[in-house]
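Participant: Residue numbers for the sequence shown follow our numbering, beginning at 1141 and rising by one.
Glycine included, each C-beta is placed from N, C-alpha and C at the ideal position.
Computed from a predicted structure; not experimentally measured.
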Amino acid sequence: MRSRRSSTVQVALTLSVLAGIVLAGTGAPCARAQAETQAPHRAEGAQTQAAEASNEDSQDPNPRPGSVSDVFPFGVYASGNGPVPTMAAAGASLVDQIDTLCRDLRAHNFDTVWINNLSSEFLPLWLAKGREHGIRMVPQGGGMPMYLLNQGWWEARWESAIETQVKPFYEELAHKHRNDPSLLAYSIVEEIPPDSPFFPHIADITRRVADIDPHHPVIVLYNRATSAERAVREIQPAVIGYDCYPFFTNSRSGPVSHHAQRSYYERQIARFSRAAASIDAQLWIMAQSWGRTAASDQADPADRGMRPPTRAEMRYQVWAALFHGARGIFFYAYASDAQPNRQGYYDEHFLDYKGQPLPHYDEAARISRRLDPVKPLLLRLRPQADVEVVYWENLEQLHGRTFVHEITGDRYLMAFNADVEKEQPIDLEFGYFPHYLAATDHFHDVLSGVSYEGRDLRNLVLPSGSGRLFLIGGPEAWERHLAWETTTGNNR
């Protein structure tokens, strides 16, 4: 199977932020291509198991797949045909690898897998394990007809193939899996440029699938804001996905100082956020969990390219995304090949090249658990500048933003510490004019329920990279908040 990454640029190319081209994923091509082109171990009976899984009751007479707008996914990107490379190298079957992955993700409070480079015949195996373990799936193929390609062998054939192969394939897929609660969305392609000829075809496929399966949208993972903005105009998708990896090790490849990394990451997310908000689409962020480790002393530091994030940087990536209205978080990636790349570096993710968990995986689990009580709330909050209560911010890296609940109409303050080195107090100045805060308004911590006056927030300290969410209003607003929580099943 041809990896769709084979034609992408490598991490050493210059990052062109001024051109609006988001190449934070330029470190990813090598890592992803290795993970995806690894020969999958197809134990005897794998095809039979896939066939049996496809015959399981995905057509539940009382299906409850829900809507993508009702799900806050916290997930990871994983290889579809060999998700646990160390197990594959030891001869483990694909079924056992998927089972191990799903169990491990549940133990770390993850609930979604973005399945990459998947052979379509194995989708039933993934969905069956998803149902078993309570994991949702975003399947993404490795080639036509599941994944759009227009290069190499497909260069002169892709357009006719979309009509004769891709559209029938997705229509059949939608009919077959429309009632499957373990399916979340169909990812049809990723990282296409803004002048890609695929856009009108994606728009057509998106509409065709939605007519058959309104619960599971066709989506694209973009790495350029200009592409997402075109998608908003021409496709109007239910989800805008954005992958961005800010932690470079060499300024020839990308930003290396925290200030530069912040500028890069947050500027691009802000642009994606505006695009998604213009059509009220979900914004899903694919953040960085990967980096490179030298396999020997001979490896040139200039070739490293990317480094794994610290625990504080894991928190920073999530809270920066939430601050800009993200309604789903993913990480690239779970694991990669156990062999070093041509530059003499191991590509490591949540698992190292030996298959052992790295510290930032544990931090991701901790973040997800801490967010659990507010994930339903985050789905309903919209940034709204015309009711902003923050007059100004007194600290360079401490930020505040006002959100409005789309159902209750109440306001919420999100405070966010972008400093990844040290904690910061919530030093925000609030306006008390009629269109800012009333004299009786308080800030209610949505996790603890403790109520604060505005001036008292300065006594609260946010850990490095962290954030906090407050309801704004009096006792009646807090009662509305609790009543709404009850309707979501999120009882205290």
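Assuming contact is defined by CB atoms lying nearer than 8 Å, are PHE1309 and PRO1279 in contact in what I supplied?
Facilitator: No; because the gap between Cβ atoms is not below 8 Å, this pair is not in contact.
Participant: Can you list the beta strand (DSSP E) stretches of 3 or more residues lying completely in the stretch 1271 to 1316, in chain order?
Facilitator: Runs of the beta strand (DSSP E) inside the stretch 1271 to 1316: 1276 to 1281.
Participant: Tell me the residue span of the beta strand (DSSP E) that contains SER1367.
Facilitator: First-last for SER1367: 1365 to 1374, but that is the alpha helix (DSSP H), not the beta strand (DSSP E).
Participant: Is ASP1443 near the ligand SAH, in the sense that its beta carbon is under 7 Å from a heavy atom of that ligand?
Facilitator: The ligand SAH is not part of the structure shown, which contains no ligands of any sort.
Participant: Go ahead and pull the three-state DSSP assignment for PRO1169.
Facilitator: For PRO1169, the predicted model reports a pLDDT of 32, less than 50, meaning its position is unreliable and no value from the coordinates is stated.
Participant: Specify the secondary structure class of PRO1497 as computed by DSSP and reduced to three states.
Facilitator: Reduced to three states, the DSSP call for PRO1497 is strand.
Participant: Looking at the secondary structure, which residues open and close the beta strand (DSSP E) in which MET1227 lies?
Facilitator: That residue, MET1227, is in no beta strand (DSSP E); its alpha helix (DSSP H) goes 1225 to 1229.
Participant: Tell me, please, which residues DSSP counts as bridged to MET1426.
Facilitator: For MET1426, which the question treats as bridged, DSSP gives the partners ASP1383, PHE1470.
Participant: Just the C-alpha distance for PHE1463 and ARG1297, rounded to the nearest angstrom, thanks.
Facilitator: Going from the Cα of PHE1463 to the Cα of ARG1297 covers about 43 Å.
Participant: How close, in whole Å, do the beta carbons of VAL1349 and TYR1456 come, if the pair is a contact with beta carbons under 8 Å?
Facilitator: At roughly 35 Å, the Cβ-Cβ gap does not stay under 8 Å, so VAL1349 and TYR1456 are not in contact.
Participant: Is the beta carbon of PHE1583 less than 8 Å from the beta carbon of LEU1553?
Facilitator: Going by C-beta atoms, PHE1583 is nearer than 8 Å to LEU1553.
Participant: Taking Cβ positions, are LEU1108 and ALA1466 nearer each other than 8 Å?
Facilitator: Since the first residue shown for the chain is 1141 and the last is 1632, residue 1108 is missing from the structure and cannot be characterised.
Participant: Determine the direct distance from the alpha carbon of PHE1471 to that of ARG1432, and round the result to whole angstroms.
Facilitator: Approximately 16 Å, taken between the alpha carbons.
Participant: Cβ atoms of LEU1611 and ASP1526: under 8 Å apart, would you say?
Facilitator: It is not a contact, given that the beta carbons lie outside the stated cut-off.
Participant: Using a threshold of 8 Å, state whether the C-beta atoms of VAL1379 and ILE1359 are closer than that.
Facilitator: Cβ distance < 8 Å, so VAL1379 and ILE1359 count as in contact.
Participant: Is the Cβ-Cβ distance between GLU1563 and SER1604 less than 8 Å?
Facilitator: Going by C-beta atoms, GLU1563 is nearer than 8 Å to SER1604.
Participant: Tell me the DSSP bridge mates of GLN1564?
Facilitator: Answer is LEU1602.
Participant: Considering only residues of the same chain and omitting the five flanking positions on each side of HIS1341, which have a CB-CB separation below 6 Å?
Facilitator: Cβ within range, chain order: ILE1302.
Participant: Sorted by chain position, which residues of the same chain lie with C-beta nearer than 6 Å to TRP1532's C-beta, five sequence neighbours on each side aside?
Facilitator: Excluding sequence neighbours, TRP1532 sits near GLU1569.
Participant: Go through the stretch 1571 to 1595 residue by residue and report every complete run of the beta strand (DSSP E) that reaches 3 residues or more, in order.
Facilitator: Counting only runs of 3 or more, we get 1582 to 1585.
Participant: Quick one: grab the DSSP three-state call for HIS1626.
Facilitator: Strictly speaking, residue 1626 in this sequence is Thr, with His absent from that position. Reduced to three states, the DSSP call for THR1626 is helix.
Participant: Looking at C-alpha atoms only, which residue of GLU1625, ASP1477, LYS1515, GLU1312 is the closest neighbour of ALA1228?
Facilitator: Among GLU1625, ASP1477, LYS1515, GLU1312, the Cα nearest to that of ALA1228 belongs to ASP1477.
Participant: Taking GLY1222 as the reference, give the member of ALA1343, GLY1468, LEU1289, GLN1237 with the closest Cα.
Facilitator: Comparing Cα-Cα distances from GLY1222 to each of ALA1343, GLY1468, LEU1289, GLN1237, the minimum goes to GLN1237.
Participant: Exposed or buried, which one is ALA1623 when buried takes at least 16 other CB atoms within 10 Å?
Facilitator: Exposed, since its Cβ has fewer than 16 Cβ neighbours within 10 Å.
Participant: Just to confirm, are TYR1501 and HIS1315 a CB contact at a threshold of 8 Å?
Facilitator: Against a cut-off of 8 Å, the Cβ pair of HIS1315 and TYR1501 comes out as no contact.
Participant: From PHE1388 to GLU1619, what does the alpha carbon distance come to, in whole angstroms?
Facilitator: Whole-angstrom Cα-Cα distance: 46 Å.
Participant: When you compare only the Cα positions, how much space is there between ASP1581 and GLY1613?
Facilitator: Roughly 4 Å separates the two Cα atoms.
Participant: So does the stretch 1438 to 1445 actually touch the stretch 1415 to 1430, counting three or more Cβ pairs closer than 8 Å?
Facilitator: Taking 8 Å as the limit for Cβ pairs, the verdict is that the stretch 1415 to 1430 does not touch the stretch 1438 to 1445.
Participant: Rank LEU1313, GLN1428, LEU1245, GLY1540 by C-alpha distance to the C-alpha of GLU1272 and give the top, closest one.
Facilitator: When only C-alpha atoms are compared, the closest one is LEU1245.
Participant: Tell me the rounded alpha-carbon separation between GLU1546 and THR1226.
Facilitator: Roughly 46 Å between the two C-alpha positions.
Participant: What does the Cβ neighbour count give for PHE1262, buried or exposed, with the cut at 16 atoms within 10 Å?
Facilitator: PHE1262 comes out buried.
Participant: At the level of alpha carbons, what is the spacing between GLN1199 and LYS1307?
Facilitator: Residue confidence is low: GLN1199 scores 40 on pLDDT, short of 50, so the model does not pin down where it sits. Its coordinate-derived value is still stated next. The alpha-carbon atoms of GLN1199 and LYS1307 are separated by roughly 21 Å.
Participant: THR1240 by DSSP, collapsed to three states: which one?
Facilitator: DSSP places THR1240 in helix when its eight states are reduced to three.
Participant: Taking the beta strand (DSSP E) that MET1554 falls in, what are its first and last residues?
Facilitator: Its beta strand (DSSP E) spans residues 1551 to 1557.
Participant: Thinking C-beta only, is ILE1255 closer than 8 Å to GLY1220?
Facilitator: It is a contact, given that the beta carbons lie within the stated cut-off.
Participant: In the DSSP output, which residue or residues are listed as bridge partners for VAL1358?
Facilitator: VAL1358 is bridged to TYR1326.
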